[in-house]
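*Asks:* The structure's right below; bear with me while I get my questions together.
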Amino acid sequence: MSNQFGEKIRSLRESNGLLLREVAPLLNIDTPQLSKIERGERQSKKEYIEMFAQIFKVDINDLLKIWLADQMYNVIEGEPLAKEAIKELTSVVNKLK
Numbered sequence: 897m898s899n900q901f902g903e904k905i906r907s908l909r910e911s912n913g914l915l916l917r918e919v920a921p922l923l924n925i926d927t928p929q930l931s932k933i934e935r936g937e938r939q940s941k942k943e944y945i946e947m948f949a950q951i952f953k954v955d956i957n958d959l960l961k962i963w964l965a966d967q968m969y970n971v972i973e974g975e976p977l978a979k980e981a982i983k984e985l986t987s988v989v990n991k992l993k
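Counting from 897, one number per residue, gives the positions in the sequence shown under the working numbering.
Here it is as structure tokens:
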């Protein structure tokens, strides 16, 4: 399971000098749940992304891109045709532009 999002959240929290127990209530979750998100033992809900962006004063789109990348990776992880599927997806997305 990819955990780039959790690692980013931990980095932002630590660089802001905040403790897990200070951030968790701002998200209306308990401290162990936030800890699991940071460690990659639990996926963050999409609804938390905006709250994280506000708490850490960062661009929501930057966090959303990392979260989406984790979601996509977790879907294709271990699939033999993962690279080919990504190429196909890239082609489809490029046509949308």
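Note that beta-carbon positions come from the ideal geometry of N, C-alpha and C, so glycine has one too.
Along the chain, where does the alpha helix (DSSP H) containing L930 start, and where does it finish?
*Replies:* T927 to R935
*Asks:* Tell me which residues share the same chain as I945 and place their Cβ nearer than 8 angstroms to its Cβ, disregarding the 5 neighbours each side in the sequence.
*Replies:* I956, L959, L960 and W963
*Asks:* Can you grab the Cα-Cα spacing for the pair Q900 / S907, in whole Å?
*Replies:* 10 angstroms
*Asks:* Output the boundary residues of the alpha helix (DSSP H) element that contains E943.
*Replies:* E943 to F952
*Asks:* Beta carbon of A981, beta carbon of E973: below 8 angstroms?
*Replies:* For the pair A981 and E973, the CB atoms are not nearer than the 8 angstroms cut-off.
*Asks:* Using beta-carbon positions only, say whether I905 and E934 come within less than 8 angstroms of one another.
*Replies:* yes
*Asks:* Enumerate in chain order the residues of its own chain whose CB-to-CB distance from V954 is below 7 angstroms, with the five nearest sequence positions on each side excluded.
*Replies:* L908
*Asks:* Specify the secondary structure class of Q939 as computed by DSSP and reduced to three states.
*Replies:* coil
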